[in-house]
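The structure appears right after this line, and notes come after that.
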Amino acid sequence: MIKRKLPENSNNVNNDFCDFLMELAEYEKNVSRNIYKFNAYRKAASTLASHPVRIKSGQEAKKLNGIGDKIASKLDEFIETGQLEKVKKIREDNTNSIINTLTRVSGIGPAKAKELIADGIETIEDLRKHTEKLNHHQIIGLKYLEDFETKIPREEIEQIEVVMRSKISELDSQFEIIICGSYRRGKQESGDIDVLISHPSYTSHDTKSDNKLLENVVNVLKSCQLIVETISLGSVKFMGACRIAKRSRRLDIRLTPYDQYFCAVLYFTGSDLFNKEMRAHALNNGFTLNEYTLRKIGSTGVPGEPLLVTCEEDIFDYIDYPYKKPEERNI
DNA sequence: ATGTGAG
DNA sequence: ACTCACATA
103 MIKRKLPENS NNVNNDFCDF LMELAEYEKN VSRNIYKFNA YRKAASTLAS
153 HPVRIKSGQE AKKLNGIGDK IASKLDEFIE TGQLEKVKKI REDNTNSIIN
203 TLTRVSGIGP AKAKELIADG IETIEDLRKH TEKLNHHQII GLKYLEDFET
253 KIPREEIEQI EVVMRSKISE LDSQFEIIIC GSYRRGKQES GDIDVLISHP
303 SYTSHDTKSD NKLLENVVNV LKSCQLIVET ISLGSVKFMG ACRIAKRSRR
353 LDIRLTPYDQ YFCAVLYFTG SDLFNKEMRA HALNNGFTLN EYTLRKIGST
403 GVPGEPLLVT CEEDIFDYID YPYKKPEERN I
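Structure below.
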């Protein structure tokens, strides 16, 4: 699943307000490391995004959820002058731009970036000279920086899928295998490859952790040279890289319990926005839906036992939501 | 245990 | 929003 920095919403009359609020939010998270301010700005942006009429003053906006004195006066400044002094400062702030550079590397977040800056490291070239300051994940992220920033053509994922299916089936024909994310939604390009696997011998009732299913799959894909790097490998999630043509690609493989397979397929197919909408619809109809289960909410407000789900359509049926093919979930 | 990061 | 994996402590 591709992750977006700004929740884009095409017809939003308060778009410009949301943009500067999100810019402030990112700054508070990455530079000030203040998660409360980050959340406050995001909340304000999201209420404005779903507000149907354009805000004409801070005063007017203050009635809305998540907007108080401080944000109201920022809205006023923006309405009067067409910009925000604070945003101007942020754009000129060197630290901010260095953090944005360093966090391009997978595994480097704002905390690590600040630590590197304190050590005098400010560019990707600096990083290449000081790999001793990086952990395994970050070293892989740096090594494949350009590859990982390059979109993957659909045809290449199709090729990878063929190899993966044949090798995994060869290992054990009972494996369920599906590539989710934007690929399943029919996109011509994807940011990474998100594979879901499942096996009848592994269910949610099983006592966890000591199963070797995922490890075995990863080993098979390593020995046929499809997997070329491992970033991390636990009992249910692999993160790494695979290669079939010129470039290496980010590959995630998740092992999901057999009885939760379709909820996981739905969830990891996305889009994020589609999931959000569908979960909201579920809630309206008295259900709670997550990555694992669909449950009916009882009169006491407590979710009941997971409902039996034998395909994606079942989930739509239960909550009375018109079925959408994966290609129709690109919202 | 806690923090960081990814998705 | 929430979970998983990993690196520290």
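In my numbering, the protein residues as written are 103 to 433. Here a beta-carbon is modelled for each residue, glycine too, at the ideal position from N, C-alpha and C.
Counterpart residues of leucine 177 in DSSP-defined beta bridges: Answer by DSSP bridge pairing: none, since leucine 177 is not bridged.
To which residues of the same chain is threonine 332 closer than 6 Å at the C-beta, ignoring the five residues directly before and after it? Taken in chain order, the residues that qualify are Gly342.
Reduced DSSP category for arginine 286 - H, G, I as helix; E, B as strand; rest coil: Helix.
For the stretch 165-222, list the alpha helix (DSSP H) runs that are entirely contained and at least 4 residues long, ordered along the chain. List check, alpha helix (DSSP H) in window: 171-183, 187-194, 196-204 and 212-220.
Limits of the unbroken alpha helix (DSSP H) element including phenylalanine 364: Note, phenylalanine 364: alpha helix (DSSP H), 363-371.
Alpha carbon to alpha carbon, what distance is there between phenylalanine 140 and lysine 131? Lysine 131 and phenylalanine 140: Cα-Cα distance of roughly 5 Å.
Glutamine 261 to leucine 335, Cα distance in whole Å? When rounded, the distance between both Cα atoms is 24 Å.
Are the beta-carbon atoms of glutamate 272 and isoleucine 299 separated by less than 8 Å? Not closer than 8 Å, so no.
Residue span of the beta strand (DSSP E) that contains glutamate 407, given as start and end: 405-408 is the extent of the beta strand (DSSP E) around glutamate 407.
Taking its Cβ as the centre, do 16 or more other Cβ atoms sit within 10 Å of glutamine 185, making it buried, or is it exposed? Glutamine 185 comes out exposed.
Contact between the stretch 225-239 and the stretch 193-209: three or more CB pairs below 8 Å? At 8 Å Cβ cutoff, the stretches touch.
Short check: CB of tyrosine 360 to CB of proline 302, under 8 Å? Using a Cβ distance threshold of 8 Å, tyrosine 360 and proline 302 count as a contacting pair.
For aspartate 121, name the three-state secondary structure that DSSP assigns. Residue state, collapsed to three classes: helix.
Measuring straight from C-alpha to C-alpha, what distance separates alanine 366 and threonine 358? Their Cα atoms are separated by approximately 7 Å.
Between the stretch 153-163 and the stretch 227-246, do three or more beta carbon pairs fall short of 8 Å? Contact check between the stretch 153-163 and the stretch 227-246: fewer than three CB pairs, one atom from each, fall below 8 Å, which does not count as touching.
Given this structure, state the Cα-to-Cα distance separating tyrosine 423 from isoleucine 433, to the nearest angstrom. Between tyrosine 423 and isoleucine 433, the C-alpha separation is close to 16 Å.
Alpha-carbon spacing of leucine 244 relative to alanine 163, whole angstroms: Counting only the Cα atoms, alanine 163 lies some 44 Å from leucine 244.
Since isoleucine 355 contacts valine 322 with CB under 8 Å, what's their CB separation in whole angstroms? In fact, because the Cβ distance is near 11 Å, the residues do not count as touching under 8 Å.
Starting from the C-beta of aspartate 171, find all residues in its chain whose C-beta is less than 8 Å away, skip the five residues before and the five after it, and write them out in chain order. Sequence-distant Cβ neighbours of aspartate 171 in its own chain, meaning closer than 8 Å and more than five residues away, are Lys164.
Have a look at the DSSP bridge pairing and note the partners of lysine 450. Beyond the ends of the chain as shown, which are 103 and 433, falls residue 450; an answer cannot be given.
Buried or exposed for glutamate 128, please, with buried defined as at least 16 other CB atoms from any protein chain shown within 10 angstroms of its CB. Buried, because 16 or more other Cβ atoms sit within 10 Å of the Cβ of glutamate 128.
Just checking my contact of isoleucine 281 with glutamate 263 at CB under 8 Å: how many whole Å lie between their CB atoms? The pair is a contact, with the Cβ atoms about 6 Å apart (cut-off 8 Å).
Around the C-beta of tyrosine 444, are 16 or more other C-beta atoms found within 10 angstroms, so that it is buried, or is it exposed? The structure shown does not extend to residue 444, since the chain is modelled only from 103 through 433, so no value can be given for it.
Roughly how many angstroms separate the alpha carbons of leucine 166 and threonine 149, rounded to a whole number? In this structure, the CA atom of leucine 166 is about 7 Å from the CA atom of threonine 149.
Through-space distance from aspartate 416 to leucine 385, alpha-carbon basis: The alpha-carbon atoms of leucine 385 and aspartate 416 are separated by roughly 16 Å.
Backbone CA spacing between glycine 211 and arginine 135 [nearest angstrom]: Distance from the CA atom of glycine 211 to the CA atom of arginine 135, rounded to whole angstroms, is 11 Å.
Cα separation between glutamate 251 and proline 405? Distance between the alpha carbons of glutamate 251 and proline 405: 41 Å.
Apart from the five residues on each side of it in sequence, which residues of its chain come closer than 8 Å, Cβ to Cβ, to isoleucine 270? For isoleucine 270, where only same-chain residues beyond five positions count, the Cβ hits under 8 Å are Phe277, Ile279, Ile299, Val319, Val322 and Leu323.
If contacts are defined as beta-carbon pairs under 8 Å, then threonine 371 and glycine 283 qualify, I think. What distance do you get, rounded to the angstrom? About 7 Å separates the beta carbon of threonine 371 from that of glycine 283, a gap short enough to meet the 8 Å contact definition.
Pick helix, strand or coil for glutamate 110, following the three-state DSSP scheme. Confidence at glutamate 110 is low in this model, with a pLDDT of 49, below 50, so its placement is unreliable and no value can be given for it.
C-beta atoms of glutamate 217 and lysine 253 nearer than 8 Å: Taking 8 Å as the Cβ cut-off, glutamate 217 and lysine 253 do not qualify as a contacting pair.
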